[in-house]
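The block underneath contains the structure these notes are about, expressed in structure tokens.
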Amino acid sequence: MRVAIAGAGLAGLACAKYLSDAGHIPMVVEARDVLGGKVAAWQDEDGDWYETGLHIFFGAYPNMLQLFAELGIEDRLQWKSHSMIFNRQEVPGTYSRFDFPDLPAPLNGVAAILGNNDMLTWPEKVTFGLGLVPAMLRGQQYVEDCDRYSWSEWLRLHRIPERVNDEVFVAMSKALNFINPDEISSTVVLTALNRFLQEKNGSRMAFLDGNPPERLCKPIVDHIEARGGSVELRAPLREIQLAEDGRVAGFRLGGLDGREGRVLEADAYVSALPVDPLKLLLPDPWRQDPFFSRLEGLRGVPVINLHLWFDRKLTDIDHLLFSRSPLLSVYADMSNTCREYADPDRSMLELVFAPASDWIGRPDEEIVAATMAELERLFPNHFGGDDPARLRKSHVVKTPLSVYKTVPGCQALRPSQATPVPNFFLAGDYTMQRYLASMEGAVLSGKLCAQAITG
Ligand SMILES: Cc1cc2nc3c(=O)[nH]c(=O)nc-3n(C[C@H](O)[C@H](O)[C@H](O)COP(=O)(O)OP(=O)(O)OC[C@H]3O[C@@H](n4cnc5c(N)ncnc54)[C@H](O)[C@@H]3O)c2cc1C
327 MRVAIAGAGL AGLACAKYLS DAGHIPMVVE ARDVLGGKVA AWQDEDGDWY ETGLHIFFGA
387 YPNMLQLFAE LGIEDRLQWK SHSMIFNRQE VPGTYSRFDF PDLPAPLNGV AAILGNNDML
447 TWPEKVTFGL GLVPAMLRGQ QYVEDCDRYS WSEWLRLHRI PERVNDEVFV AMSKALNFIN
507 PDEISSTVVL TALNRFLQEK NGSRMAFLDG NPPERLCKPI VDHIEARGGS VELRAPLREI
567 QLAEDGRVAG FRLGGLDGRE GRVLEADAYV SALPVDPLKL LLPDPWRQDP FFSRLEGLRG
627 VPVINLHLWF DRKLTDIDHL LFSRSPLLSV YADMSNTCRE YADPDRSMLE LVFAPASDWI
687 GRPDEEIVAA TMAELERLFP NHFGGDDPAR LRKSHVVKTP LSVYKTVPGC QALRPSQATP
747 VPNFFLAGDY TMQRYLASME GAVLSGKLCA QAITG
């Protein structure tokens, strides 16, 4: 079977990979000149890479880890110590750690929480632990039912003090979906907590050893091409053409640089586009169908990813850091965490700037200046005094519509990979799978899509 797939993000590439494993011929067409979608990256004139997002792989990503194993590239994941490290708000420049000991789950998670006395008091830990009991006893159904509440509402329902939000969950909510606990669905936070507490290595984190297009996407493309499939860049889907019987007849592709556009015909068709561009391309007859009209309720959230190169080392921490700063989410010194970006003498901080709705339209210089002001609090030793650290250069990557915004009520809007149109399928992190909007969710959606196509 020949399958046309629009979008070479992780969902589209994973779908093509699993179709080619099953003996089919996937033909992937990607609008941009770079692989990876939200894991895309570019090299500047100095040869330094800058990325769409700072990306962390978790132990609780079974489908992603299996993909690495199937491609024979597991050594490209650089696993860090099993800890979560937060900047301390009350003592600038210091950190508070949750260290997970080598015990079975959930004991290692419980020990990590009980062992941290900087952030939560004992009564807060007990109230919070009791609040989680229904999630542990009633499992996923309870977690899904909680999609009615924002995380802040869920905490209030369980009489958990607002301070717990300030200490832990503002940082976690921004890391999970680039928004605050007042907005995020409690299903998202409970899903992450469940995975972290139920799997021994669920919260263990790894960094890729270099830029994602070459170190992760290229091996998937090589795998697809070796089995007769193809991946074409700069080939944007412009129109989903319908046959008289309502099935898809072809993907009309735009021609770039004076090239002629063309129609790609296949036995089955997949949109692996993000939900926002897909909504614009839906053929008119489909828009009345509740399956497709529900997509209107899903919308990408803005986020900004910054890269700051300094003239010296700011930290030797080889891990992800939760900034707990009002403007920033997580960050890492990539000169420590990532082999390809390593520098023994100078730091390169990669930082996620979120929530970004008030900033996405502002000039890069303003965003860098605001971030530098935050860094003075995060690294007081390096930015005070007579010889402050000097910013050598920066890159700012804005994504106005990134992963779908996981506000309450979204679970019911997420579509399955099979659609009412028999030869048209969906892949993408927003489609229904249990890993929400993440790399794992994208890979799993691609795998489920391939299964839906092959039956
Ligand atoms: C700043 C940031 C940080 C993140 N951090 C993490 C993290 O730490 N861990 C984690 O698991 N996840 C993280 N994510 C989320 C993760 O990147 C995404 O969930 C995942 O990559 C989405 O994959 P996808 O294939 O569903 O969509 P996308 O990656 O968006 O792929 C869609 C593809 O479709 C293409 N396309 C669009 N329109 C057309 C068209 N008309 N024709 C052809 N092609 C088209 C796009 O160019 C793109 O290549 C982060 C995301 C961001 C933005």
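Residue numbers (our numbering): 327 to 781.
Yeah, the Cβ is synthetic: ideal placement off N, Cα and C, and Gly gets one too.
Beta bridge pairing from DSSP links P726 with no other residue.
In this model, F648 and N413 are separated by some 6 Å (Cα to Cα). As the crow flies, the alpha-carbon of S476 is around 16 Å from that of P681. Closer than 7 Å to some heavy atom of ligand 1: that describes the Cβ of K364.
The segment 593 to 637 contains, as complete beta strand (DSSP E) runs of 3+ residues, the segments 594 to 597, 629 to 636 (chain order). Taking a cut-off of 8 Å on C-beta distances, the segment 391 to 406 touches the segment 533 to 552, as three or more cross pairs fall below it. Where L653 is concerned, there is no enclosing alpha helix (DSSP H), because DSSP gives it neither an H nor an E. The Cβ atoms of S499 and I510 lie closer than 8 Å to each other. Spanning the alpha carbons of V494 and M410 requires a straight line of approximately 11 Å. Here M353 is actually not in contact with L599; their C-beta atoms are around 15 Å apart, not less than 8 Å. Taken through DSSP and simplified to helix, strand or coil, M498 comes out as helix. In the DSSP assignment, D644 falls outside any alpha helix (DSSP H) and carries neither an H nor an E. Annotation: L634 to P545 spans about 29 Å, alpha carbon to alpha carbon. In this structure, G772 lies away from A437, with their beta-carbon atoms at least 8 Å apart.
In the DSSP assignment, S720 forms a beta bridge with L634. In the DSSP assignment, G576 falls outside any alpha helix (DSSP H) and within the unbroken beta strand (DSSP E) covering 574 to 579. R464 carries a helical assignment under DSSP once its states are collapsed to helix, strand and coil. For the options P418, F454, F426, R672, the alpha carbon positioned closest to that of E700 is the one of P418. Cα atoms of A366 and T757: separation of roughly 20 Å, rounded to the nearest angstrom. Per DSSP, F504 lies in no beta strand (DSSP E) and is assigned neither H nor E.
By alpha-carbon distance to A357, the top candidate from E692, V733, A658, A334 is A334.
Measuring C-alpha to C-alpha distances from N537 to each of C472, T378, Q737 identifies T378 as the nearest. Listed as beta-bridge partners of Y376 by DSSP are W368. For secondary structure counted as the alpha helix (DSSP H) over 4 or more consecutive residues, the segment 432 to 465 holds these complete runs in sequence order: 433 to 440, 448 to 457. Around the beta-carbon of D659, 16 or more other beta-carbon atoms lie within 10 Å, marking it buried. Boundaries of the beta strand (DSSP E) around D425: 421 to 425.
Of all alpha-carbon atoms in V769, C472, G554, the one lying nearest the alpha-carbon of F394 is that of V769. DSSP, read as helix, strand or coil, puts Q404 in strand.
Taking the C-beta atoms as reference points, K639 is found nearer than 8 Å to S673. Straight-line spacing of the CA atoms in Y468 and L458 works out to 11 Å. In the DSSP secondary-structure assignment, E676 is bridged to H633, A658. In this structure, the alpha-carbon of N520 lies about 17 Å from that of L440. The beta-bridge partner set that DSSP reports for E766 is empty. Within the segment 469 to 548, the complete alpha helix (DSSP H) segments of 4 residues or longer fall at 477 to 483, 496 to 503, 512 to 524, listed in chain order.
Closest option to P430, judged by alpha-carbon separation, among I351, E525, V496: E525.
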